Amino acid sequence: MEKKMRFGIKSKIIIGYLIVIVCLFIAFIVLNSQISSLQKERNFIIDHDIEVHDLTNRIEKHLLDMETGQRGYIITGEASYLEPYNSAATSWEKDYNALYQLLNNNPNQQEKLEKIKGSIQDWVEAAGEPTIALKKENNTKELQQFFEKDPGRQYMDDIRSQFTSFRNVEKKSTETRATELDEKNQKIKIGLYGLLLFVTLISLAIAIVLSNSIVNTIKEVTQTIKRITASKGELKGRIKVRSNDEIKDLGLATNALLENIEERNWLQTNIAHAVTMYQGIASVDKLAEKFLFTVSEMTQASFGAFYVREENDKGNLFVKQAAFADRKGDAGRESFLIGEGLIGQAALEKRTFVINDVPDTYQLITSGLGDVKPKSIFIVPVLFEDEVIAVIELASLHEFTVLEQELISQVIETFGLTINGVIRRMEIARLLKESQAMTEELQAQSEELQTQSEELQMQSEELRMINEQLEERTKDAEEKSFELEAAKEDLEEKAHQLELNSQYKSEFLANMSHELRTPLNSILILSEMLEENAAKTLSEDEEEYARIIHSSGKDLLALINDILDLSKVESGKLDILLAEMNMSELPDQIERNFSHVAEQKNVQLKINKAQDVPDIIHTDEKRFQQIVKNLLSNAFKFTESGSVTVSIQRVADHRLTTAMRTVDTDCWLEIAVADTGIGIPKEKHQLIFEAFQQADGATVRKYGGTGLGLSICSEFAKLLGGWISLSSEVGKGSTFTLYLPSLSNGLIDYEKVNFAYEEVAVSVEEAEPEAEITEIDHPVQPVESSLQDDENVFQDKRVLIVDDDQRNIFALKTALAKQGMTIMTAHNGIECLEMMENSEPFDLILMDIMMPQMDGYEAMQKIRGELKLVDLPIIALTAKAMKNDREKCLEAGASDYISKPLDLNQLFSVMRVWLVN
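Mapped onto our numbering, the consecutive letters of the sequence shown carry residue numbers 17 to 933.
Right, dumping it as structure tokens:
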């Protein structure tokens with residue numbers, strides 16, 4: 017029988033989809049064909065009918081042109097009227113031929129066209145050409161007679177009537193074709209719906225057939241499995257599947273599983289039966305007989321013998337204890353030694369033998385009708401503690417199956433223990449009367465040893481589990497140690513990079529400070545000299561220009577100082593010097609610094625100090641003053657009218673927060689600066705405390721500023737242990753409140769602040785920061801008035817200026833020359849030394865630090881060391897001010913130290929001190 021072709025579920029689904037797709041494709045082709053036909057007919061109606069009407073109108077137009085030209089020429093006699101006549105006479109025939117050709121499928125219309133053509137030709141021959149010829153001959157009399165009759169009018173009326181009839185027919189034809197096209201379109205629509213219905217039905221039919229073929233088969237499998245489940249262990253039922261697909265594979269696999277389960281159940285049932293059947297048997301012969309009977313029944317064996325090992329003088333001898341189907345006691349030999357015969361070899365090798373090719377001389381199986389030769393022999397040794405204690409030999413009329421062999425093998429696995437137990441019990445029964453007490457004691461010891469053995473085994477298992485856990489924890493610890501080491505290296509690398517970045521930032525800001533202060537020094541000195549106008553050569557406007565330049569230079573210096581201060585705060589390297597501060601002087605200081613600002617802005621300045629404010633607090637006075645000045649500068653900057661109010665009070669105990677109470681302080685102060693200015697939107701309150709940020713771009717353009725003031729104030733407040741809060745409403749004003757503790761016991765960890773590596777410093781540590789008010793001109797006191805008493809000190813003094821910047825040399829030289837001093841200049845340390853060796857002694861040296869070839873440090877060391885000029889005053893000037901530069905300059909030999917940009921008053925004061933001394 018041919019093998020049934022496999023037709024899987026996947027193939028069924030794919031074929032079903034292919035059929036649907038083919039149907040859809042056929043439907044698409046049919047639909048496309050119908051739509052194409054419909055499109056062609058539509059195009060024919062559009063193109064054909066429009067062309068017919070167009071050509072008809074053109075022929076009428078040509079005829080009208082001919083009539084108009086003919087009448088115009090006859091009336092005027094102008095030859096130009098003949099041009100449209102002649103052109104139309106040529107063109108109408110071309111259009112007629114095209115129209116006639118276009119109607120080749122409509123003989124009736126062609127016949128009407130021929131009549132129209134005849135009428136036109138008749139008009140041309142009867143009215144057109146003759147009248148033109150008469151006009152050319154100037155035969156007015158005949159023309160008059162002709163138009164009195166006017167036969168051409170009749171021809172033209174006939175032609176128009178014929179064209180009207182022609183167009184009506186064409187119009188009806190167009191309507192007929194449109195109606196047919198609509199009907200065909202309706203048929204296509206109906207056909208499309210029918211085709212869609214057909215494809216839908218086909219798809220549903222395929223889906224139903226496929227689903228039925230799959231679902232029905234699955235239902236059969238499911239019902240069979242349910243029947244097997246409901247049979248409570250009866251596994252005889254099998255799944256029958258008619259289809260040749262994956263469901264059949266499932267059914268066959270399920271049947272195979274059922275057969276395997278059935279075999280396993282049979283095996284387990286028989287093993288359980290075999291194990292339970294010899295319970296309670298106390299003698300070996302009864303056990304052997306019962307075992308042979310049970311095993312023979314299970315395996316359908318027809319013959320068998322059971323041998324048990326006995327020890328004698330000859331060694332281990334296997335003696336027959338029982339037989340199955342024994343004929344007069346001759347079922348096998350009575351005994352055998354190990355290695356004797358096939359059964360002895362099985363005992364020697366401890367191996368099972370299955371022989372299916374039984375020789376003719378083998379023992380025959382006897383029945384009532386005769387003797388039968390067995391087909392298979394099964395010899396199996398019974399082991400106990402890896403020693404053969406019995407051998408079983410079975411013979412059968414059929415070959416032993418694998419399942420039967422497995423059954424006997426599994427039964428034999430525990431049967432050795434049973435045999436040994438029976439033998440032991442027999443021996444124990446024999447010795448029971450003699451040694452019952454000893455047996456009980458031994459049994460107790462045996463139970464105790466067994467318990468100890470179990471305890472030792474449990475302890476060994478616990479130790480093994482603990483050892484595994486320790487190994488896992490050791491492995492985890494090693495992995496975590498490796499990860500921690502890698503993280504440590506990564507952190508060290510990042511710390512190194514941060515240290516380098518901080519160093520680079522400090523160096524960059526120091527260099528930028530030098531580059532900005534160097535030209536700024538010249539600007540401030542020269543603008544201050546121009547502002548003095550000592551020679552009275554400048555006009556008032558020019559003096560104002562110089563004053564503005566000087567003020568702008570100071571503003572730029574304040575901006576540089578702000579940027580450097582902010583950098584120091586961010587790097588955590590700003591010095592906080594705690595000392596006593598007199599709060600009773602604060603209102604007067606504010607009044608002196610800002611009263612003129614209030615007058616110029618026409619804004620009222622109010623200062624309120626509560627009575628409970630202590631006279632002395634402990635804080636960094638310089639940073640505190642800078643915060644207050646910045647807050648007041650901002651208040652005046654953004655207040656056009658109204659008032660600026662400063663309120664100083666002590667924070668009452670009941671207002672202290674938990675965080676404020678944790679600070680070790682004598683008291684908390686609250687300094688509020690309120691204004692009636694433009695105010696700040698609520699969403700901008702946090703933004704304005706960031707560096708280079710203000711409320712919005714319009715504020716920056718209108719009021720100026722860099723946005724650094726509030727950022728620096730906020731950072732200074734944090735360093736002093738306090739903070740700044742803000743409350744504001746747009747259009748009504750703002751209130752900045754500084755909360756600050758009195759740090760009598762200290763708050764800052766100075767070891768983390770003061771002993772950091774090299775950092776950028778602000779120009780002069782002792783100088784007070786300028787208020788950030790760019791729109792106010794600060795009054796400058798003339799230098800001349802403060803120096804008139806010093807003319808005798810500076811007169812004819814020889815001063816050497818050592819600087820590599822020509823602008824600074826020019827500014828200093830000009831300023832000092834006005835004081836009557838003799839000025840010499842050098843551009844580096846080498847030139848300085850050469851001039852000192854080759855020139856007359858100098859009274860004072862102004863030494864720049866940052867110079868090419870030889871800097872100021874080395875030059876001062878050589879002056880003090882090699883030239884032995886220990887008492888010569890040397891004032892160090894530099895625009896790059898590092899934290900320890902003052903000490904370095906003094907160690908190198910400088911008498912004093914001033915940072916750029918220079919204040920002439922300060923410079924002259926220092927020079928006067930050293931020249932007098």
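A virtual CB, placed ideally from N, CA and C, is assigned to each residue, including glycine. For clarity, every value in this text was computed on a predicted model and none was experimentally measured.
Query - C-alpha distance - residue 598 paired with residue 667, whole-angstrom precision - result: 18 Å
Query - Euclidean distance between Cα positions of residue 172 and residue 136 - result: 8 Å
Query raised in the report: Do you know offhand how far residue 499's Cα is from residue 486's?
Result: 20 Å
Requested in this report: Return helix, strand or coil for residue 841, following the three-state DSSP convention.
Outcome: strand
Requested in this report: List the residues that DSSP assigns as beta-bridge partners of residue 635.
Outcome: 595
Query raised in the report: Quick one: what does DSSP say residue 785 is sitting in, helix, strand or coil?
Result: Reliability of the predicted coordinates at residue 785 is poor, the pLDDT of 35 falling under 50, and no value is obtained from them.
Query raised in the report: What do you get for residue 86, buried or exposed, if any count of 16 or more other CB atoms within 10 angstroms of its CB means buried?
Result: buried
Query raised in the report: From 438, 398 and 372, pick the residue whose C-alpha is nearest to that of residue 415; which is it?
Result: 372
Report task. Have a look at 443, 336, 369 and 413 and flag the residue whose alpha-carbon is nearest the alpha-carbon of residue 422. Result -> 369
Query raised in the report: What did DSSP end up calling residue 863 once you bin it into helix, strand or coil?
Result: strand
Requested in this report: On the DSSP bridge assignment, give the partners of residue 686 in chain order.
Outcome: 665 and 755
Query raised in the report: Taking just the CA atoms, how far does residue 76 sit from residue 146?
Result: 21 Å
**Report entry** residue 872 and residue 836 closer than 8 Å at C-beta
**Finding:** no
Report task. Could you give the DSSP three-state label for residue 890: helix, strand or coil? Result -> strand
Requested in this report: For residue 767, name the three-state secondary structure that DSSP assigns.
Outcome: Here the model assigns residue 767 a pLDDT of 37, short of 50, so the residue's position is not dependable, and the following value carries that caveat. Helix, per DSSP.
Query raised in the report: Less than 8 Å separating the beta-carbons of residue 809 and residue 932?
Result: yes
Query raised in the report: For residue 608, which three-state DSSP category applies?
Result: helix
Query raised in the report: Under three-state DSSP, which class holds residue 654?
Result: coil
Query raised in the report: Hey, residue 642 and residue 732: beta-carbon distance below 8 Å or not?
Result: yes
Requested in this report: My understanding is that residue 648 touches residue 689, with C-beta atoms under 8 Å, so please give their C-beta distance in whole angstroms.
Outcome: 6 Å
Query raised in the report: Considering only residues of the same chain and omitting the five flanking positions on each side of residue 664, which have a CB-CB separation below 6 Å?
Result: 625, 629 and 687
Query raised in the report: Do residue 291 and residue 337 have their C-beta atoms closer together than 8 Å?
Result: no
Query raised in the report: Over what stretch of residues does the beta strand (DSSP E) that includes residue 912 continue unbroken?
Result: 912-915
Query raised in the report: Do residue 323 and residue 427 have their C-beta atoms within less than 8 Å of each other?
Result: no
Query raised in the report: Between residue 651 and residue 603, what straight-line distance do the alpha-carbon atoms span, to the nearest angstrom?
Result: 16 Å
Report task. Check whether the region 435-450 touches the region 351-361, taking contact to mean three or more Cβ pairs, one atom from each stretch, closer than 8 Å. Result -> no
Query raised in the report: Per DSSP, what kind of secondary structure is residue 921 in: helix, strand or coil?
Result: helix
Query raised in the report: In the region 453-477, which residue ranges form an unbroken beta strand (DSSP E) of at least 3 residues, counting only runs that do not cross its ends?
Result: none
**Report entry** Pick from 828, 419, 49 and 442 that is closest to residue 542, judged by C-alpha positions
**Finding:** 828
Query - Expected contact under 8 Å - CB spacing of residue 118 and residue 71 to nearest Å - result: 7 Å
**Report entry** Reduced DSSP category for residue 760 - H, G, I as helix; E, B as strand; rest coil
**Finding:** coil
Query raised in the report: Excluding five sequence neighbours on each side, which residues of the same chain lie with their C-beta closer than 7 Å to the C-beta of residue 713?
Result: Note on residue 713: pLDDT 46, under 50, position unreliable in the model; the coordinate value appears next. Excluding sequence neighbours, residue 713 sits near nothing in its chain.
Query raised in the report: So, are the CB atoms of residue 595 and residue 637 less than 8 Å apart?
Result: yes
Query - CB-CB length for residue 432 against residue 399, believed under 8 Å - result: 5 Å
Requested in this report: Within 10 angstroms of the Cβ of residue 631, are there 16 or more other Cβ atoms? Answer buried if so, exposed if not.
Outcome: exposed
Query raised in the report: Taking Cβ to Cβ, would you say residue 332 is nearer than 8 Å to residue 354?
Result: yes
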